[in-house]
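Chemist: This is the structure, below, for whatever I ask next.
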Amino acid sequence: MRRVGGTLFLVLFLGGICFAQVPSGNVFVGYSYLNADTNTTSRASLNGFEASVEKKIFPFVGLVGDFSGHYGTELSNQFMNPGGGGFLSTQAKLHSVLLGPRVSVSVHGVRPFAHVLVGGAWLSQSNGGSSVNDASFATAVGGGVDCKLMKFAGLRVQGDLLHTQLFGNTQNNVRISTGLVFHF
Numbered sequence: 019m020r021r022v023g024g025t026l027f028l029v030l031f032l033g034g035i036c037f038a039q040v041p042s043g044n045v046f047v048g049y050s051y052l053n054a055d056t057n058t059t060s061r062a063s064l065n066g067f068e069a070s071v072e073k074k075i076f077p078f079v080g081l082v083g084d085f086s087g088h089y090g091t092e093l094s095n096q097f098m099n100p101g102g103g104g105f106l107s108t109q110a111k112l113h114s115v116l117l118g119p120r121v122s123v124s125v126h127g128v129r130p131f132a133h134v135l136v137g138g139a140w141l142s143q144s145n146g147g148s149s150v151n152d153a154s155f156a157t158a159v160g161g162g163v164d165c166k167l168m169k170f171a172g173l174r175v176q177g178d179l180l181h182t183q184l185f186g187n188t189q190n191n192v193r194i195s196t197g198l199v200f201h202f
């Protein structure tokens, strides 16, 4: 019985030390590139931002809220050129709000992570006075790495496969992001 009590005390004591080593969360803000399938004649290259907030719930698991916005010009099959000659270029805006778990481990100032996020995406395409909009369930599967720059800040590089179903079609979009991550 004494061994069980001593082992339990040791596990709880060392577990407390491990928890003290893990930051309670982080905030990420950065540039994001999206190679998007927006149901047009070609894929669109959209530039924008990504921001996320992570709160640790266990030493290796956190809960993430992820927000992104991507903007750019594309050739659209939604808008035909009335004078002939194919399609008109349109302005595209794709926003997403996602939530889910992230698994990570810190090793000597480097923190690789992987996550699965679910939520929603909204696409708006406009040309002159015309516009079309749609919303969809969205998922993002991916990961990345945080590199420590100083005690409270680091650099993040991240990649995701963002899956949506806008305008009744399935889209698989590649999202690459980089920026600063702040630990708290």
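Okay, so the sequence shown: first residue is 19 according to this note's numbering, each after it adds one.
C-beta atoms are modelled at their ideal positions from N, C-alpha and C, and glycine is treated no differently.
Applying the criterion that 16 or more other CB atoms from any shown protein chain within 10 Å of the CB defines a buried residue, is residue 183 buried or exposed?
Modeler: For this step, residue 183 is matched to residue 165 along the sequence shown. Counting Cβ neighbours within 10 Å, residue 183 comes out exposed, since fewer than 16 surround it.
Chemist: Give the straight-line distance between the Cα atoms of residue 186 and residue 159, rounded to the nearest whole angstrom.
Modeler: Here residue 186 corresponds to residue number 168 of the sequence shown, with the count starting at 1. Here residue 159 corresponds to residue number 141 of the sequence shown, with the count starting at 1. Their backbone Cα atoms lie some 21 Å apart in a straight line.
Chemist: Between the Cα of residue 91 and the Cα atoms of 118, 108 and 81, which residue gives the shortest distance?
Modeler: Walking along the sequence shown from the start, residue 91 turns up at place 73. Among 118, 108 and 81, the Cα nearest to that of residue 91 is on 108.
Chemist: Helix, strand or coil, according to DSSP, for residue 186 in the structure here?
Modeler: Taking the sequence shown and counting its residues from 1, the one referred to as residue 186 is at position 168. Of the three classes helix, strand and coil, the one that applies to residue 186 here is helix, per DSSP.
Chemist: DSSP on residue 61, reduced to helix/strand/coil?
Modeler: Position 43 of the sequence shown, counting from 1, holds the residue named residue 61. Three-state DSSP puts residue 61 in coil, outside helix and strand.
Chemist: How far does the beta strand (DSSP E) with residue 152 in it extend, from its first residue to its last?
Modeler: Walking along the sequence shown from the start, residue 152 turns up at place 134. Note, residue 152: beta strand (DSSP E), 148-168.
Chemist: Roughly how many angstroms lie between the CA atoms of residue 170 and residue 145, to the nearest whole one?
Modeler: For the purposes of this step, residue 170 is taken as residue 152 along the sequence shown, with counting starting at 1. For the purposes of this step, residue 145 is taken as residue 127 along the sequence shown, with counting starting at 1. When rounded, the distance between both Cα atoms is 44 Å.
Chemist: Let me check understanding here. Comparing Cα to Cα, which of 163, 147, 151 and 153 lies closest to residue 126?
Modeler: The count along the sequence shown starts at 1 and reaches residue 126 at position 108. Residue 126 has its Cα closest to that of 163, out of 163, 147, 151 and 153.
Chemist: Considering only C-alpha positions, which residue in the set 121, 50, 131 and 89 is nearest to residue 76?
Modeler: In the sequence shown, the residue the question calls residue 76 occupies position 58. Taking only the C-alpha atoms, the option nearest residue 76 is 121.
Chemist: Tell me the DSSP secondary structure of residue 201 in three-state form.
Modeler: Translated into positions along the sequence shown, residue 201 becomes position 183. Strand.
Chemist: If you measure between the beta carbons of residue 85 and residue 115, is that distance less than 8 Å?
Modeler: Along the sequence shown, read from residue 1 onward, the residue named residue 85 stands at position 67. Along the sequence shown, read from residue 1 onward, the residue named residue 115 stands at position 97. Cβ atoms of residue 85 and residue 115: closer than 8 Å.
Chemist: Identify, in the order they occur along the chain, each residue of the same chain with its Cβ nearer than 7 Å to the Cβ of residue 55, setting aside the five sequence neighbours on each side.
Modeler: The residue labelled residue 55 in the question sits at position 37 within the sequence shown. Around residue 55: 61, 189, 190 and 191.
Chemist: Can you name, in chain order, every residue of its own chain whose Cβ lies under 6 Å from the Cβ of residue 166, other than the five neighbours on each side?
Modeler: Translated into the one-based positions of the sequence shown, residue 166 becomes position 148. Same-chain partners within the cutoff: 127 and 172.
Chemist: Kindly examine the ligand ATP and report whether one of its heavy atoms sits closer than 7 Å to the Cβ of residue 48.
Modeler: Although the ligand ATP was asked about, the structure shown includes no ligands whatsoever.
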